[in-house]
Structures are given as C-alpha cells and as structure tokens.
Amino acid sequence: NAEMKKKEEITTPRQETGTRTDMGFLDLVNARLDYVKNHKSERHYREYIYMANRWTKQWGNLKCSQISSRMVDDFLSERNTVSAHAANKDIRYLKAVFNHAVKMKIAQVENPVKGIECFPENKPLKYIPNKEDMEKVIDAAEDVNDKDYLITIKDTMARVGEINRLKWDDVMLDKRCLVLYTRKKKGGGLTPRIVHMTKRLYDVLKTRSEKRDESKPWVFWHRYWSRKEQRWTDGPYEDRKGLMKSLCKKADVKYFRYHPLRHYGASVL
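Counting in the working numbering, the final residue of the sequence shown is number 275, and the numbers go up one at a time with none missing.
Below you can see the structure in the form of structure tokens.
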C-alpha cells in the first residue's frame with residue numbers, strides 16, 4: 007500500500023494551491039511579451055522586445071523579489087543620460103511588466119517601479135512641413151509605388167501602420183472611400199473608420215487596382231527576406247524609415263517622417 011501511494015504521488019500532478027509569491031524576472035518578462043504579442047500591435051511588441059533585452063541584461067538572472075526600487079532607479083538614471091523620453095518609456099513599460107504578474111495571477115510580487123516619478127521632458131515644437139516641401143518630397147519619388155504610397159498617406163491623413171495594413175477588400179472605388187483600421191483603442195483590437203478619397207487618391211488607387219497582382223491582398227507590399235522563415239517572401243510593409251530620409255535629402259528639404267503628413271492635414275483643416 008505504501009508503494010502504491012508513493013507511485014500515485016509521482017504520477018499525479020500536484021494542484022496549485024494559490025498564486026506564487028515570487029518568480030524569475032526573465033520568466034515574468036517572457037510572460038508579458040507573450041501577452042503583448044497576442045493582444046497588442048506588432049509595433050508595440052517590437053518595442054517591448056527592444057527594451058526587454060536591455061532589462062534582462064541587468065536582472066535576467068534574478069528573482070522579482072531581488073529587484074529593488076534602488077536598482078531600478080539607478081538603471082533609469084543611466085537611461086536619463088540618453089534622454090528623459092527614453093527613461094520615461096522604460097518606466098511605463100517596466101511598471102506594466104510587474105503589474106502583469108498580479109493582474110494575471112501568476113505571482114504576487116512587489117512592483118519596484120511603483121512610486122518612481124517620470125523625468126521632466128522638454129517637448130520640442132512639432133515640425134509640420136509646408137505644402138511646397140511635401141510636394142517636393144512626393145515629386146522626388148521616382149518609383150511609382152513610393153509616390154503612390156506617400157500620396158495615400160497624405161490624402162487620407164492616416165497613420166502609416168493603417169496604410170501598411172490596407173487591403174483591396176477595404177478599398178471601395180465605386181463609393182470613392184476606403185476603410186482604415188487602427189489599434190489605438192484600449193485592448194488592442196482593430197477599430198475601423200471610413201475615409202473618403204480625394205480625386206488624386208481615387209486616380210492613384212484606380213490605376214493600382216487595374217494593374218495589381220490579384221494574388222496579393224495588400225494595396226502596398228514588397229518582397230523581403232524573412233529571418234524567421236529563412237526565405238524570400240511577399241508581405242506588407244512594417245516600417246520604411248529609410249524612404250523619407252532619402253527623399254527629403256533628394257528634395258533638399260528639412261527631414262520629416264510620415265506622421266507630420268497627418269499633422270499637416272489637421273492644420274489645413
């Protein structure tokens with residue numbers, strides 16, 4: 007009987023009796039990353055990975071309970087030498103990591119970021135390019151795909167991510183409007199909104215529709231090397247940081263990225 011009881015204890019998994027009071031910091035970071043990947047945008051997930059690599063170099067071999075507010079404060083002070091904006095971003099994201107343990111009931115840990123105040127930021131005046139500079143940049147694009155891409159962003163006043171995920175199913179040429187989706191709402195779900203086309207945008211999308219590869223669902227796509235799949239593949243853009251830099255230099259105008267196109271539209275209105 008004793009042998010049978012011992013065998014039963016080994017083969018039967020023990021039931022959790024309550025929330026753990028501690029866990030490895032690396033395990034907590036990975037749990038948060040999994041959550042963000044499933045519930046937030048791809049861009050948000052990439053930002054978390056970038057910062058998580060920095061955190062785990064500091065505390066990856068520690069338990070959550072071993073990370074003190076003093077340790078976090080010293081780390082943030084060093085980040086503040088880069089910029090207050092960078093340090094404050096680490097504060098927000100780190101705080102969310104420790105809160106995740108309690109919220110998801112995977113551990114009952116103290117949040118060492120709680121009570122740490124953000125650094126004062128001197129926010130510069132947002133640069134909004136004038137109409138002439140914007141048109142110079144658009145004209146500087148020799149590739150018709152790049153030119154169409156910029157016109158679509160400008161004439162919809164959309165976030166660049168909304169244009170990157172734009173599909174032909176969301177383009178209604180007969181009604182001269184299109185549907186854009188954003189993840190800015192709480193919870194990370196995609197929220198649609200209808201945007202009417204300007205005449206120029208209608209002409210651009212009509213021409214692209216007539217010439218498009220029907221096997222590709224996206225309005226704008228490219229062929230790229232997938233490090234994850236280790237092969238060439240087709241898909242939508244994630245970010246095009248180099249495009250605006252090269253076009254602004256070519257057009258001989260002050261450098262600006264995509265979001266100022268959105269600010270420009272709002273200032274015109």
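Glycine included, each C-beta is placed from N, C-alpha and C at the ideal position.
Once the 5 residues before and after residue 113 are set aside, which same chain residues still bring their CB inside 8 Å of it? One-based indexing of the sequence shown puts residue 113 at position 107. These residues qualify, in order along the chain: 25, 26, 27, 28, 29, 34, 70, 107.
Per DSSP, cross-strand counterpart(s) of residue 30: Locating residue 30 in the sequence shown gives position 24, counting from the first residue. For residue 30, which the question treats as bridged, DSSP gives the partners 69.
Sub-9 Å separation of residue 65 and residue 77 beta-carbons: In the sequence shown, the residue the question calls residue 65 occupies position 59. In the sequence shown, the residue the question calls residue 77 occupies position 71. Yes, these two residues count as a Cβ contact at 9 Å.
State yes or no: is the C-beta of residue 201 within less than 9 Å of the C-beta of residue 163? The residue given as residue 201 occupies position 195 in the sequence shown. The residue given as residue 163 occupies position 157 in the sequence shown. Their beta carbons are under 9 Å apart, which means residue 201 touches residue 163 by this criterion.
Please report the distance separating the alpha-carbon of residue 89 from that of residue 72. Taking the first residue of the sequence shown as position 1, residue 89 is located at position 83. Taking the first residue of the sequence shown as position 1, residue 72 is located at position 66. Whole-angstrom Cα-Cα distance: 27 Å.
Is DSSP giving residue 130 helix, strand or coil here? Sequence index remark: in the sequence shown, residue 130 carries index 124 (1-based). Three-state DSSP puts residue 130 in coil, outside helix and strand.
Local conformation of residue 204 per DSSP, three classes: Residue mapping note: residue 204 aligns to position 198 of the sequence shown, counting from 1. It is coil, neither helix nor strand.
Within this structure, are the beta carbons of residue 174 and residue 215 separated by less than 9 Å? Here residue 174 is taken as the residue at index 168 of the sequence shown, counted from 1. Here residue 215 is taken as the residue at index 209 of the sequence shown, counted from 1. In contact: residue 174 and residue 215 (Cβ atoms closer than 9 Å).
How is the beta strand (DSSP E) around residue 242 delimited, first residue to last? Counting from 1 along the sequence shown, the entry for residue 242 is found at position 236. 237 to 242 is the span of the beta strand (DSSP E), which, as asked, contains residue 242.
Return helix, strand or coil for residue 266, following the three-state DSSP convention. Mapped onto the sequence shown, residue 266 falls at position 260. Residue 266 falls in the helix class under three-state DSSP.
Answer with buried or exposed for residue 262, where buried requires no fewer than 16 other C-beta atoms within 10 angstroms of its C-beta. Within the sequence shown, residue 262 is the residue found at index 256, counting from 1. The residue is buried, with at least 16 neighbouring Cβ atoms inside 10 Å.
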